[in-house]
Amino acid sequence: MEDNHKTYFVFSESSILITYNCEINFKLISDILNTRERIQINLNDCIDEIVQSISSLLVIFDISKISAENLITELKKIEDKEIDLFESNKTWQIPVCYDLKYAVDLENLAKEKKLSPAEIINNHKSKVYNVLSMGFLPGFMYMGFTNKNLHCERKEIPSLDIKKGSIGVALNLTCIYPQDSPGGWHIIGVSPLDFFNLKSKNPCFAKPGDKIQFIEISSRQYQKMKKEKSIKPISK
Numbered sequence: 113m114e115d116n117h118k119t120y121f122v123f124s125e126s127s128i129l130i131t132y133n134c135e136i137n138f139k140l141i142s143d144i145l146n147t148r149e150r151i152q153i154n155l156n157d158c159i160d161e162i163v164q165s166i167s168s169l170l171v172i173f174d175i176s177k178i179s180a181e182n183l184i185t186e187l188k189k190i191e192d193k194e195i196d197l198f199e200s201n202k203t204w205q206i207p208v209c210y211d212l213k214y215a216v217d218l219e220n221l222a223k224e225k226k227l228s229p230a231e232i233i234n235n236h237k238s239k240v241y242n243v244l245s246m247g248f249l250p251g252f253m254y255m256g257f258t259n260k261n262l263h264c265e266r267k268e269i270p271s272l273d274i275k276k277g278s279i280g281v282a283l284n285l286t287c288i289y290p291q292d293s294p295g296g297w298h299i300i301g302v303s304p305l306d307f308f309n310l311k312s313k314n315p316c317f318a319k320p321g322d323k324i325q326f327i328e329i330s331s332r333q334y335q336k337m338k339k340e341k342s343i344k345p346i347s348k
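This note's numbering runs 112 ahead of the 1-based position in the sequence shown.
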């Protein structure tokens, strides 16, 4: 069922998928976040969970309280309310070491893009990124959008052991691996921070709509901060 630039699917017996058929940019992310806020406020009694991606919302509902057909009707009513409820929250400053010891793909990416490693680094840290979505791993942030000079495909052969805190780039996005993991993003640095902690009230400190600013640190600073287990990201 299509409505302007959105399509509503009955995804399962107890879920509706809303997909957004338009260019991925921060306006789209803002629209999705506003829709999520409106759903939570207006339909909280019958909604169990809302899962957001970069271009969709999965609305999981209680089938004993509302049918899929009636929920789609209510969702459309909510979408008609042109009210912005979501406001961008915090800007987080994330320390990153771009030393080649940790930036295992930096030199190859620089050759591919016909840039020096220093130019790759400067392009990457020069922007403030929007957290677009969470996914793949708990605490894994999809952030956009990178400088056009950094746009690249994922690696043809994924790495099997990307280290926790690694900073990657692929397509027009950048990311941070919250734990050791396989992956196909080009690794150009590493951060000493923890990006997912189950013992914390908020396991991931950042959320979609927040902003990320990368601050370059030296290898010595990285090693020192790694030893300081209480080190926290800085927000402003």
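Each residue gets a CB set at the ideal place from its N, CA and C atoms; glycine is no exception.
* Using the DSSP secondary-structure output, state which residues sit across from Ser167 in a beta bridge. => Partner(s): none; Ser167 has no beta bridge.
* Asked: Taking the alpha-carbon positions, what's the Glu114 to Ile172 distance?
  -> Residue placement at Glu114 is poorly supported in this model, since its pLDDT is 49, which falls under 50; the coordinates still yield a value, given next. Answer to the nearest angstrom: the Cα atoms are 19 Å apart.
* Do the stretch 256 to 263 and the stretch 282 to 290 touch if we need at least three Cβ pairs shorter than 8 Å? -> yes
* Asked: With Gly247 and Tyr254 assumed to form a contact (beta carbons below 8 Å), what rounded beta-carbon distance in angstroms separates them?
  -> At roughly 7 Å, the Cβ-Cβ gap stays under 8 Å, so Gly247 and Tyr254 are in contact.
* To do: Report the rounded CA-to-CA distance for Trp297 versus Ser176, giving the unit in angstroms.
  => If you draw a straight line from the Cα of Trp297 to the Cα of Ser176, it is about 43 Å long.
* Can you tell me whether DSSP reads Lys118 as helix, strand or coil? -> DSSP places Lys118 in strand when its eight states are reduced to three.
* To do: Using the Cα positions of Lys336 and Glu265, report the straight-line distance between them to the nearest angstrom.
  => 33 Å
* Please name the residue in Asn133, Lys139 and Trp204 whose C-alpha comes closest to that of Phe307. => Trp204
* Select from Ile136, Ile166, Ser126 and Cys134 the residue whose C-alpha is nearest the C-alpha of Cys158. => Ser126
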